[in-house]
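Novice: Each residue of the sequence shown is one higher than the last, beginning at 1 in full-length UniProt numbering.
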Amino acid sequence: MSLADTGTTDLDTEQDRLTRLYTRLDELRGATRSRLAEVAAQTGGTAQARSERDSAFTEYASRLSRFDAAEHGLCFGRLDLSDGGRHYIGRVGLPSEDADADPMLLDWRAPAARPFYVATSAAPEGVHRRRHIVTRDRRVVSLDDEVLDGAPDAGREQLSGAAALLAAVNSSRTGRMHDIVATLQAEQDAIIRSDQTGVLVVQGGPGTGKTAVALHRAAYLLYHSGRIASRGVLVVGPNTTFLRYIGQVLPGLGETSVLLSTVGELFPGVVASRSEPAAAAAVKGRPVMAQVVAQAVRNRQGPPGAPFDVRVGDDVVTLEPEFWTAAADQARETRRPHNRARSTFVRLVVDEVARQLAAQAQGLADRLEAESAELLGGLDLDGAARGDLERLGFSDSGSGAGEDPYSETALDLRAIAASDPRVAAACEALWPRLTPQRLLSQLFHDPERLASAAEGLLTAEEQALLVRPAGIGSPSGWTVADVPLLDEAAQLLGEDDRAVKARASQARDEEIAYAQGVLDVAAGSRTEDKEVLTATDLIDARRLAERSRVADRRTVAERAAVDRTWTFGHVIVDEAQELSPMAWRVLMRRCPTRSMTLVGDVAQTSSPGGLDSWGEALDPFVGDRWRLTRLSVNYRTPAEIMAVTVPLLETLDADSEPPSAVREVGVPPWECVAASPAEVAAVARAERAGLDAGRVAVITPDAEAAAVAAALPEASSGADPDLTAPMVVLGATQAKGLEFDVVLVVDPVGMIEASPRGRNDLYVALTRATQRLGVLHRGRLPVELEGGLVARSEL
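(1) Using the C-alpha atoms, what's the distance from residue 236 back to residue 133?
(2) So what's residue 566 in DSSP terms, helix, strand or just coil?
(3) Taking the C-alpha atoms as reference points, what is the distance between residue 789 and residue 593?
(4) Under 8 Å, with one C-beta from each stretch per pair, do the stretch 675-683 and the stretch 692-712 reach the 3-pair mark?
(5) What did DSSP end up calling residue 487 once you bin it into helix, strand or coil?
(6) Run through the DSSP bridge pairs and tell me what residue 614 is partnered with.
(7) Where does residue 452 sit, in a helix, a strand or coil, going by DSSP?
(8) Using a Cβ-Cβ distance cut-off of 8 Å, determine whether residue 272 contacts chain C.
(9) For a quick check, are the C-beta atoms of residue 318 and residue 309 less than 8 Å apart?
(10) Quick one: give me the first and last residue of the beta strand (DSSP E) that residue 178 is part of.
(11) If you count every other CB in all the chains shown that lies within 10 Å of the CB of residue 634, and 16 or more means buried, which is it?
(12) Given this structure, state the Cα-to-Cα distance separating residue 288 from residue 457, to the nearest angstrom.
(13) Would you kindly work out how many angstroms separate the C-alpha atoms of residue 706 and residue 730, rounded to a whole number?
(14) For residue 88, which residues does DSSP report across the bridge?
(15) Under a Cβ-count criterion, where at least 16 other Cβ atoms within 10 Å of its own Cβ denotes burial, should residue 398 be classed as buried or exposed?
(16) Which residues bound the beta strand (DSSP E) around residue 802?
(17) How should residue 9 be labelled, buried or exposed, when 16 other C-beta atoms within 10 angstroms of its C-beta is the threshold for buried?
(18) Rounded to a whole number of angstroms, what is the C-alpha to C-alpha distance between residue 482 and residue 272?
(19) Helix, strand or coil for residue 325 per DSSP?
(20) Return yes when the Cβ of residue 577 is within less than 8 Å of the Cβ of residue 605, no when it is not.
(21) Round the Cβ separation of residue 35 and residue 88 to the nearest angstrom and send it over; I've been treating them as touching at under 8 Å.
(22) Runs of 3 residues minimum, wholly inside the stretch 719-789: which ones carry the beta strand (DSSP E) assignment?
(23) Compute the Euclidean distance between the alpha carbons of residue 193 and residue 202, then round it to the nearest angstrom.
(24) Measure the alpha-carbon distance for residue 32 versus residue 658 and round it to whole angstroms.
(25) For residue 794, which of 774, 746 and 778 has the nearest alpha-carbon?
(26) Do residue 571 and residue 234 come within 8 Å of each other at the CB atom, strictly closer than that value?
(27) Closest to residue 179 by CA distance: which of 190, 218 and 144 is it?
(28) My output table needs one value for residue 267: the three-state DSSP class, helix, strand or coil.
(29) Rank 325, 60, 337 and 13 by C-alpha distance to the C-alpha of residue 78 and give the top, closest one.
(30) Could you tell me whether the Cβ atoms of residue 661 and residue 638 are closer together than 8 Å?
(31) So residue 230 and residue 569 are in contact, right, with Cβ under 8 Å, and what is the actual spacing, rounded?
(32) Tell me the DSSP secondary structure of residue 159 in three-state form.
(33) Can you give the Cα-Cα distance for residue 718 and residue 783, rounded to whole angstroms?
(34) Quick check on residue 396: does DSSP put it in helix, strand or coil?
(35) Counting only the same chain and skipping the five closest in sequence on each side, list residues whose C-beta sits under 8 Å from that of residue 725.
(36) Where residue 228 and residue 221 are concerned, what is the direct C-alpha to C-alpha distance, given to the nearest angstrom?
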């Protein structure tokens with residue numbers, strides 16, 4: 001039922017209701033803002049009080065964020081139940097002023113709101129009428145009613161709220177994804193509300209709403225699980241352009257405990273902006289690289305070599321290979337990461353140096369005694385010699401090698417060895433402190449070192465792909481494929497945090513000392529002739545220092561973004577088919593509970609290291625303990641465009657069925673010859689001129705994007721394009737996950753020939769349009785598109 005059918009009475013009724021809902025929202029928002037300010041102003045208290053205060057601050061801040069996000073589109077639905085009950089559905093839940101009354105507004109994630117998304121005339125779920133309420137700002141602009149408890153209507157079974165849904169998908173694109181909380185369909189809702197445990201794989205073709213489902217699932221899980229909310233949700237996307245495109249969805253749902261990231265951003269401090277050949281990236285993504293990195297670490301732990309001398313003061317000790325290889329074995333037996341096991345190795349080296357110094361001192365004492373006896377003949381100097389030796393810390397019962405290791409002299413010798421810079425240099429040579437960046441930089445810069453680590457694991461040709469010149473050690477000198485290797489190295493190296501803890505302890509001591517100084521000043525100002533209560537009577541220095549410490553009030557996402565070891569409550573991966581085996585290792589470490597939602601389409605895999613099947617990625621980590629569900633309806637891409645892509649899809653996956661398109665636009669996909677960037681630019685300008693609103697995307701082979709962009713300077717382009725611009729030029733690999741009103745695909749043959757998965761790239765490019773698709777070629781079309789396109793001149 002459209003606006004014209006409802007009459008002004010219904011519109012007035014819903015407007016009155018909406019006004020009351022916004023009034024209640026304003027009241028709750030104001031009260032929350034006041035409580036937040038009160039909590040922020042509080043200081044001091046016990047450790048428990050501070051913890052409770054921080055938790056309250058986080059809760060009020062999150063609640064305020066949700067209320068602010070609900071300002072636009074607060075209420076979008078109404079359920080009239082068969083038993084006479086009524087529920088209004090919205091972005092947030094609004095309780096009634098009467099604590100015993102039903103909520104004024106149900107949160108869309110609440111169980112009672114579920115029939116709004118899943119009820120049909122065949123299975124009405126106790127619903128008589130479902131009403132979609134379309135608002136603009138704080139005003140009701142249209143209503144759409146569905147009566148569900150009458151006779152089944154086959155035409156209504158496929159879409160819930162068809163009018164509202166089709167209005168949304170037919171509207172002009174803005175360059176930013178918006179939430180679909182008002183128009184979720186039953187199959188999408190079932191995935192969003194699916195069990196949070198285990199690994200859920202969502203396979204869906206173009207236009208099925210995979211990304212929207214994934215983001216709404218994040219909001220749903222945060223609403224229902226305190227455990228997930230406390231650890232946050234990680235959402236991984238294919239590139240930064242895509243993340244900017246979806247960046248408004250979760251804030252629009254009031255969620256701040258979500259970190260959006262690409263794989264290349266998962267190692268804090270590293271900017272993965274360097275490009276590299278696809279063949280090199282493919283090698284780095286293979287699971288065998290975990291063994292290469294592990295061997296590279298082992299090769300730095302007491303490596304084979306010749307004996308060498310270490311001067312300690314006036315003495316020289318010799319470290320033999322047999323010693324340090326045995327010491328390395330003993331350090332590895334601790335099963336601690338490299339940098340933490342290093343302390344064991346260093347201790348053994350210091351012990352060995354001290355032992356040799358003691359033996360040399362004992363030998364010198366023995367020689368002196370023998371020479372003295374020879375010179376003095378029959379004089380008995382044993383007592384004097386023994387006294388001298390005892391003063392030196394040596395007994396006459398054995399050599400230094402067998403002396404008590406905790407004797408005063410032994411401890412002195414250890415202290416000498418431990419503080420000598422040349423001993424430290426020897427330890428660094430034999431078991432260096434390593435960062436992941438240093439390990440991989442040295443590995444990839446040194447062909448011999450790489451050959452040793454990759455022996456039996458990589459061919460000489462594969463090793464050659466990994467070797468690169470020096471100079472990649474800066475934060476921006478890494479590639480996306482390097483990041484999983486850096487993370488692997490970090491896991492093996494660990495961090496010797498003793499120095500960090502020592503600095504933190506020292507900082508606490510300094511804070512306490514400063515606080516004591518403050519109290520001393522206060523005590524010194526006490527009036528002699530009066531009993532005056534001062535701070536020293538109420539608090540000691542330690543508690544004063546604790547009260548002065550600034551609370552960490554960063555959001556979960558902000559804390560997780562800078563902590564490589566952070567583990568998330570749930571991980572969502574969009575375009576999951578693009579991840580390499582090494583990238584999967586990173587994500588599994590980020591989520592030990594294996595609570596994951598993975599959405600993608602194997603037919604759209606374009607990465608050289610991407611998937612051919614879901615089991616290929618998941619079986620090594622969870623075996624067969626993952627479940628697969630499918631999205632079968634294409635809401636975005638018109639049926640005319642999907643029909644053209646069927647032959648191409650069959651070449652990618654003969655067993656795959658394209659999703660069913662629910663809409664037609666009446667404009668067939670077309671083709672024309674455009675042999676030069678200038679000709680492409682002319683067609684693009686003509687298409688933009690014929691479009692009242694919305695966005696035009698020109699999608700080219702990656703290598704041709706710069707030339708086309710130069711011919712079309714008014715379009716946004718480059719590594720960081722503005723998707724809100726009227727026109728944008730994208731390389732094929734940038735287009736994944738995006739959508740535009742009009743799409744022009746340039747040089748499809750060149751796109752296919754550009755990479756081993758070029759047909760996958762072409763399939764992605766062809767399915768980005770919501771209204772019109774044009775294919776610009778150089779006189780030749782791929783065989784899969786021949787006969788499926790009309791000439792542009794015939795439109």
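Where is the CB? At the ideal position from N, CA and C, for every residue including glycine.
Since the model is a prediction, treat every value here as computed from it, not as a measurement.
Specialist: In short, the structure shows the following:
(1) Here the question's residue 133 lines up with position 133 in the sequence shown. Here the question's residue 236 lines up with position 236 in the sequence shown. The C-alpha of residue 236 is placed about 33 Å away from the C-alpha of residue 133.
(2) Walking along the sequence shown from the start, residue 566 turns up at place 566. Here residue 566 sits in coil by DSSP.
(3) Start at 1 with the first residue of the sequence shown, and residue 789 comes out as number 789. Start at 1 with the first residue of the sequence shown, and residue 593 comes out as number 593. Answer to the nearest angstrom: the Cα atoms are 49 Å apart.
(4) yes
(5) As a first step, residue 487 must be located in the sequence shown, where it is residue number 487. Of the three classes helix, strand and coil, the one that applies to residue 487 here is helix, per DSSP.
(6) Residue numbering aside, residue 614 sits at position 614 when the sequence shown is read from its first letter. According to DSSP, which records beta bridges pairwise, residue 614 is partnered with nothing at all.
(7) Numbered from its first residue, the sequence shown carries residue 452 at position 452. Helix at residue 452.
(8) No chain C appears in the structure shown, which is made up of a single protein chain.
(9) Counted from its first residue, the sequence shown places residue 318 at position 318. Counted from its first residue, the sequence shown places residue 309 at position 309. Against a cut-off of 8 Å, the Cβ pair of residue 309 and residue 318 comes out as a contact.
(10) By 1-based counting over the sequence shown, the position of residue 178 is 178. Per DSSP, residue 178 belongs to no beta strand (DSSP E) and is neither H nor E.
(11) Translated into positions along the sequence shown, residue 634 becomes position 634. Burial call: buried.
(12) Here residue 288 corresponds to residue number 288 of the sequence shown, with the count starting at 1. Here residue 457 corresponds to residue number 457 of the sequence shown, with the count starting at 1. One C-alpha to the other measures close to 7 Å.
(13) Numbered from its first residue, the sequence shown carries residue 706 at position 706. Numbered from its first residue, the sequence shown carries residue 730 at position 730. Roughly 9 Å between the two C-alpha positions.
(14) For the purposes of this step, residue 88 is taken as the residue at position 88 of the sequence shown. Answer is 78.
(15) Residue 398 sits at position 398 when you count from the first residue of the sequence shown. Here the model assigns residue 398 a pLDDT of 44, short of 50, so the residue's position is not dependable and the matter cannot be decided.
(16) Only positions 1 to 795 of the chain appear in this structure, which leaves residue 802 out of reach.
(17) Residue mapping note: residue 9 aligns to position 9 of the sequence shown, counting from 1. So residue 9 counts as exposed.
(18) The residue you call residue 482 lines up with position 482 of the sequence shown. The residue you call residue 272 lines up with position 272 of the sequence shown. Taking the straight line joining both Cα atoms gives about 8 Å.
(19) Start at 1 with the first residue of the sequence shown, and residue 325 comes out as number 325. Helix at residue 325.
(20) For the purposes of this step, residue 605 is taken as the residue at position 605 of the sequence shown. For the purposes of this step, residue 577 is taken as the residue at position 577 of the sequence shown. A contact, by the Cβ cut-off of 8 Å.
(21) Here the question's residue 35 lines up with position 35 in the sequence shown. Here the question's residue 88 lines up with position 88 in the sequence shown. Wrong, their Cβ atoms sit about 26 Å apart, outside the cutoff.
(22) 727-731, 740-746 and 769-777
(23) In the sequence shown, the residue the question calls residue 193 occupies position 193. In the sequence shown, the residue the question calls residue 202 occupies position 202. Approximately 13 Å, taken between the alpha carbons.
(24) By 1-based counting over the sequence shown, the position of residue 32 is 32. By 1-based counting over the sequence shown, the position of residue 658 is 658. Distance between the alpha carbons of residue 32 and residue 658: 48 Å.
(25) Counting from 1 along the sequence shown, the entry for residue 794 is found at position 794. Of the candidates 774, 746 and 778, 774 places its Cα closest to the Cα of residue 794.
(26) For the purposes of this step, residue 234 is identified with residue 234 of the sequence shown, where counting begins at 1. For the purposes of this step, residue 571 is identified with residue 571 of the sequence shown, where counting begins at 1. Yes.
(27) Taking the sequence shown and counting its residues from 1, one reaches residue 179 at position 179. Ranking the options by Cα distance to residue 179, first place goes to 218.
(28) Taking the first residue of the sequence shown as 1, we reach residue 267 at position 267. Coil.
(29) Sequence index remark: in the sequence shown, residue 78 carries index 78 (1-based). Of the listed residues, the one whose Cα sits closest to residue 78 is 13.
(30) Indexing the sequence shown from 1 puts residue 661 at position 661. Indexing the sequence shown from 1 puts residue 638 at position 638. Cβ distance < 8 Å, so residue 661 and residue 638 count as in contact.
(31) Stepping through the sequence shown from its first residue, residue 230 is reached at position 230. Stepping through the sequence shown from its first residue, residue 569 is reached at position 569. With a Cβ gap of about 7 Å, residue 230 and residue 569 count as contacting.
(32) Translated into the one-based positions of the sequence shown, residue 159 becomes position 159. The answer is coil: DSSP assigns residue 159 none of H, G, I, E or B.
(33) Here the question's residue 718 lines up with position 718 in the sequence shown. Here the question's residue 783 lines up with position 783 in the sequence shown. Whole-angstrom Cα-Cα distance: 30 Å.
(34) Indexing the sequence shown from 1 puts residue 396 at position 396. Because the pLDDT of residue 396 is 49, which lies under 50, any placement of that residue in the model is unreliable, and the question is left without a value.
(35) One-based indexing of the sequence shown puts residue 725 at position 725. Result list for residue 725: 175, 695, 715 and 716, in chain order.
(36) On the sequence shown, residue 228 is found 228 positions in, with the first residue counted as 1. On the sequence shown, residue 221 is found 221 positions in, with the first residue counted as 1. Distance between the alpha carbons of residue 228 and residue 221: 7 Å.
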